[in-house]
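S.K.: First to last, the protein sequences are chains A and B.
Every number in the working numbering is 90 more than the matching position in the first sequence, counting from 1.
Every number in the working numbering is 1472 more than the matching position in the second sequence, counting from 1.
We put the CB at the ideal spot given by N, CA and C, even for glycine.
Just so it is clear, the structure is predicted and the values come from calculations on it, not from any experiment.
Pasting a structure here, questions to come.
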Amino acid sequence: MKLSNYLVEIAGVSIFPIISLLIFVVFFGVVLFRVFYMDKNKVDYIANLPLGKDDTTTSENLNGDK
Amino acid sequence: MQIEKFYYDNRLPKMFGIATIFWGFVGMLLGLVAAIQLAYPVVNFSDYFPHLAFGRLRPVHTNAVIFAFVGNGIFTAIYYGMPRVLKTPMWSKALGKIHFCGWQLLIALAAITLLFGYTTGKEYAELEWPLDIWIAVIWVVFGINMIGTMLTRRERYMYVAVWFFLASWVTVAVLHIVNSFELPIAFNSLKSYSAYAGVQDALVQWWYGHNAVAFFLTTPYLGVMYYFLPKAAGRPIYSYRLSIVHFWTLIFLYIWAGPHHLLYTALPDWAQSLGTVFSIMLILPSWGGMLNGLFTLRGAWDKVASDPILKFMVVAITCYGMSTFEGPMLSLKNVNAISHYTDWTIAHVHIGALGWNGFLTFGMLYWLFPRLYNTQLFSKKLASAHFWIGTLGILLYAIPMYWSAFRSYFMLKAFTPEGQLQYQFIDVVQSVIPFYVMRAVGGTLYLAGVVLMIYNIYKTCSAGKFVPVEEAEAPALPKTFEAPTGAHWHTMFERKPMLMLAGAFVVILIGGIVEFVPTFLVKSNIPTIASVKPYTPLELQGRDIYIREGCYNCHSQMIRPFRYEVKRYGEYSKAGESVYDHPFQFGSKRTGPDLARIGGKYPNSWHFSHMLEPQMITGSIMPKYPSLFDNEIDIATTASKIHTMRNLGVPYPKNYEADANADLQKQAEEITKNLAQDKIKTSSNKEIIALIAYLQRLGTDIKNEK
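As structure tokens, then:
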């Protein structure tokens, strides 16, 4: 697969990693912001799923209780 | 809402669990044999047959412990844990059985084909093309079952372990398919050539190789941790919010880290720098996972002191933290200059493998089997003994390897006051043998611990009664769903598995695309060297013998631009030199010296004698290769090989196939005549002639540059 001959160079290639960095910063900025403001009840419910403690409560009840 | 009754199946988790234990023992035993071979080369048994020599055996060990041991461990966790957090059985029992049988068959075929020398010559991707296709088939079967389970769940929100399993599935699929682009030389041949060559092949290979670590050895095991640690500790994970952040960060950053395997090689600088930077950033999400695990036990450390299962898990998570700190440190160029090609890499791998993967698997198995058999663990004391023996084994493995690595580094770079290299390579080999012995002791201890576990679990199962299914009930999920106002955005991903799949898929593709596109499309990244020409037919046959015997497991072919390295091996390797190397053979380890410029260094007679009796260099640990002197070169394959190489872009003249064997025989006669002048009698059709031709070609092309 001799692919190295299509372009001699990519002029101004440094824009691509800069765009990548921007996407990264924006995406994770939003993630961090919204994680911070999550509803505590929802968090506790999901974290307890593997323990199977209260199998009568489902996510449906949880939302209803809100 | 109607309550539905259903059953969790325990049969497949049990079978996968038994497979995990079995292959764990086999894979680790192979590792121990390989370790002993390095200290006592007689254990290669190369006087009798070529199949067990280190170059063929080591890949069986790596494939067994990664795909057979850890692979079955992953499936055990998924088939047990996923149904329980999604409140539904696995979607298809039939697909589950096909998955189980197909995977074990794959392992058996892998072991056989590798021992018989059918290998692609690419690390952790050695399996030849029919097995690559089989892997893809079974992986799709597995995926359908897993996704089907997610789509028929009764719990709307998918617990974090499920995201890790899903992301692992999709990424491994991408990695496997892209790295396995290879062209068989014929429909009825197991032999294939990588579609990529040289530096480009190296980049794809280590994008794959590092992410095999990431998405086969790490992310699925984070899924194991997120399910089994809360179960064993009886408390929820420390921070669900942290798990969201570190999940997305991890899967995004890990992909970019591949180039840290190619620092100071001919890979373009910008790619090396990307690999380093992203590897450093990777500390954050990795330690996010570690801290989430360890903090889960805050205030419950007394439980850890009395429970061997928790002890295994805590040490596993700590080794994960250690490894994910050491890894980024090894990605710094100045540190990598010391560690690359040495036993430091091996130490690093085994802390992760024995500590994180091994110990977390043992913790899971000790927790799981008593429950599958409705009984208590046969002996907590034995489990505790396993823990201590295993931990000691890890230490006795890693510490000698660190010592060996530093010793090798200082010896290899030492100059005399007159400006000559102070040590020969063989001096270094001899000086680290004692550390190989110590490492084998460490490995023996670790394996002994596993034997204790086998006994303990066997006695547990004998005393109990297997519970094939567990009843459960839960309300069905309503078909329509209105997100309540103010619901967190991430819950949208947790509710919609296909969206989660698509999101993870996009995220993991980004790193690969940014690193691959310029390397493949931009000429200046692989500058052409006019004097570099394709291999002759004889040399090509010889190269395939080199790959078959697994020489790359001990010998590198990539000289770095360091004064001591250039002095020892010759001019440092350029990107343009390996453009016709399908696959590349840069190598990862120097148990023996680098061979990039071995061409012309020694006479043909030296190579002849050396392959027959490597211990003519006193103190060498290299196995013998007597079969090369009896086997004939398979000239029937020459035409197919030339044809395939031309299809992959190597500029052999049109219709060269017609003349290839004539050229091969002519070159072979020249070498044979030359050997006769040194009083060595042999036939020109033996494999050793082809191998000599290949070795004598290595690194010589650029001497013709003006």
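Applying a beta-carbon distance threshold of less than 7 Å, which residues of chain A neighbour glutamate 2141 of chain B?
M.R.: Chain A residues near glutamate 2141 of chain B: none, gap ~33 Å exceeds 7 Å.
S.K.: Could you have a look at lysine 1477 of chain B and say whether DSSP puts it in helix, strand or coil?
M.R.: Residue state, collapsed to three classes: strand.
S.K.: Residues of chain B with a CB under 8 Å from the CB of isoleucine 105 of chain A: which are they?
M.R.: Within chain B, no residue comes near isoleucine 105 of chain A; the closest Cβ sits about 12 Å away, beyond 8 Å.
S.K.: Can you look up proline 1947 of chain B in the DSSP assignment and give me helix, strand or coil?
M.R.: Strand, per DSSP.
S.K.: Just to make sure I have the definition right: I need the residues of chain B whose C-beta is within less than 9 Å of the C-beta of leucine 141 of chain A. Which are they?
M.R.: Per Cβ cutoff of 9 Å: Pro1702, Lys1703, Gly1706, Arg1707, Pro1708.
S.K.: In this structure, how does DSSP classify serine 104 of chain A when only helix, strand and coil are distinguished?
M.R.: Correct three-state label for serine 104 of chain A: coil.
S.K.: What distance in whole Å lies between the Cβ atoms of glycine 1915 of chain B and glycine 2239 of chain B, which are believed to be in contact at a cut-off of 8 Å?
M.R.: Nothing about residue 2239 of chain B can be read from this structure; chain B reaches only from 1473 to 2178.
S.K.: Just the chain A side, please: which residues come within less than 9 Å of threonine 1748 of chain B by C-beta, in chain order?
M.R.: Going along chain A, no residue has its Cβ under 9 Å from threonine 1748 of chain B, so there is no contact; the nearest lies around 14 Å.
S.K.: Does chain A have any CB closer than 8 Å to the CB of tyrosine 1631 of chain B?
M.R.: Yes - at least one Cβ of chain A is within 8 Å of the one on tyrosine 1631 of chain B.
S.K.: Let me make sure I understand the geometry here. Which of B/Ala1549, B/His1523, B/Val1632 has the alpha-carbon closest to that of alanine 1583 of chain B?
M.R.: Taking only the C-alpha atoms, the option nearest alanine 1583 of chain B is B/His1523.
S.K.: Would you say isoleucine 108 of chain A faces chain B, with C-beta separation under 8 Å as the test?
M.R.: For isoleucine 108 of chain A, the answer is no, since every Cβ of chain B falls outside 8 Å of its Cβ.
S.K.: Assuming leucine 1524 of chain B is part of the beta strand (DSSP E), what are its boundary residues?
M.R.: That residue, leucine 1524 of chain B, is in no beta strand (DSSP E); it is neither H nor E in DSSP.
S.K.: Do alanine 1684 of chain B and leucine 1647 of chain B have their CB atoms nearer than 8 Å?
M.R.: Contact: yes.
S.K.: I want to verify the contact list: residues of chain B whose CB lies under 8 Å from the CB of valine 115 of chain A, in sequence order.
M.R.: What valine 115 of chain A touches in chain B: nothing, since even the nearest Cβ is about 12 Å away.
S.K.: How long is the line joining the alpha carbons of isoleucine 1538 of chain B and glutamate 1595 of chain B, rounded to whole angstroms?
M.R.: Distance between the alpha carbons of isoleucine 1538 of chain B and glutamate 1595 of chain B: 12 Å.
S.K.: Would you decide whether glutamine 1509 of chain B is buried or exposed? Buried here means 16 or more other CB atoms lie within 10 Å of its CB.
M.R.: Buried.
S.K.: Any C-beta of chain A within less than 8 Å: which residues of the region 1978 to 1993 of chain B qualify?
M.R.: From the region 1978 to 1993 of chain B, only Ile1982, Val1986, Pro1990, Phe1992, Leu1993 have a Cβ closer than 8 Å to chain A.
S.K.: On the premise that cysteine 1791 of chain B lies in contact with phenylalanine 1834 of chain B, defined as a C-beta separation below 8 Å, what is that separation, rounded to the nearest angstrom?
M.R.: Phenylalanine 1834 of chain B to cysteine 1791 of chain B, Cβ: 12 Å. No contact.
S.K.: According to DSSP, is phenylalanine 1850 of chain B helix, strand or coil?
M.R.: In this structure, phenylalanine 1850 of chain B counts as coil in the three-state DSSP scheme.
S.K.: Take phenylalanine 1488 of chain B as the anchor and find which of B/Ile2164, B/Tyr2024, B/Leu1840 has the nearest alpha-carbon.
M.R.: Ranking the options by Cα distance to phenylalanine 1488 of chain B, first place goes to B/Leu1840.
S.K.: Please report whether the beta-carbon of alanine 137 of chain A lies at a distance below 8 Å from any beta-carbon of chain B.
M.R.: Yes - at least one Cβ of chain B is within 8 Å of the one on alanine 137 of chain A.
S.K.: Does isoleucine 1716 of chain B have its Cβ less than 8 Å from a Cβ in chain A?
M.R.: Answer yes: the Cβ-Cβ gap between isoleucine 1716 of chain B and chain A drops below 8 Å somewhere.
S.K.: Which term fits proline 1555 of chain B, buried or exposed, when burial requires 16 or more other beta carbons within 10 angstroms of its beta carbon?
M.R.: When all chains shown are included, proline 1555 of chain B counts as buried.
S.K.: In whole angstroms, give me the CA-to-CA distance for tyrosine 2007 of chain B and arginine 2169 of chain B.
M.R.: Cα to Cα, tyrosine 2007 of chain B sits roughly 8 Å from arginine 2169 of chain B.
S.K.: Take every Cβ of the region 2017 to 2024 of chain B, pair it with every Cβ of the region 2057 to 2065 of chain B, and state whether three or more of those distances are shorter than 8 Å.
M.R.: Yes: the two stretches touch, three or more of their Cβ pairs being nearer than 8 Å.
S.K.: Of all the residues that make up the region 117 to 131 of chain A, which are near chain B by a beta-carbon distance shorter than 9 Å?
M.R.: Correct list: Phe117, Phe118, Val120, Val121, Leu122, Arg124, Val125, Phe126, Tyr127, Met128, Asp129.
S.K.: Which value, in whole angstroms, describes the spacing of the CA atoms of proline 1740 of chain B and threonine 1991 of chain B?
M.R.: Computed Cα separation, rounded: 8 Å.
S.K.: Does the region 1661 to 1669 of chain B come within contact of the region 2118 to 2133 of chain B, defined as at least 3 CB pairs closer than 8 Å?
M.R.: Contact holds: three or more Cβ-Cβ distances are below 8 Å.
S.K.: Between proline 1780 of chain B and phenylalanine 1859 of chain B, is the Cβ-Cβ spacing less than 8 Å?
M.R.: Cβ atoms of proline 1780 of chain B and phenylalanine 1859 of chain B: closer than 8 Å.
S.K.: Taking the alpha-carbon of tyrosine 1927 of chain B as reference, which of B/Ala1857, B/Gln2029, B/Gln1892 has the nearest alpha-carbon?
M.R.: Residue B/Ala1857 is the option with its Cα nearest to tyrosine 1927 of chain B.
S.K.: In the DSSP output, what is phenylalanine 1887 of chain B paired with across the bridge?
M.R.: Answer is B/Leu1893.
S.K.: Specify the secondary structure class of lysine 1783 of chain B as computed by DSSP and reduced to three states.
M.R.: Lysine 1783 of chain B: helix per DSSP, three-state reduction.
S.K.: Of all the options B/Arg1483, B/Pro1485, B/Asp2102, B/Gly2171, which has the alpha carbon lying nearest to the alpha carbon of phenylalanine 1521 of chain B?
M.R.: Checked all of B/Arg1483, B/Pro1485, B/Asp2102, B/Gly2171; the closest Cα to phenylalanine 1521 of chain B is B/Asp2102.
S.K.: Mapping DSSP to helix, strand and coil, what is glutamate 1600 of chain B?
M.R.: If DSSP states are grouped into helix, strand and coil, glutamate 1600 of chain B belongs with coil.
S.K.: Counting only the same chain and skipping the five closest in sequence on each side, list residues whose C-beta sits under 6 Å from that of isoleucine 1475 of chain B.
M.R.: Contacts found: Glu1945, Pro1947.
S.K.: Of all Cβ atoms in chain A, is any one closer than 8 Å to the Cβ of tryptophan 1720 of chain B?
M.R.: Chain A, which has a Cβ nearer than 8 Å to the Cβ of tryptophan 1720 of chain B, makes this yes.
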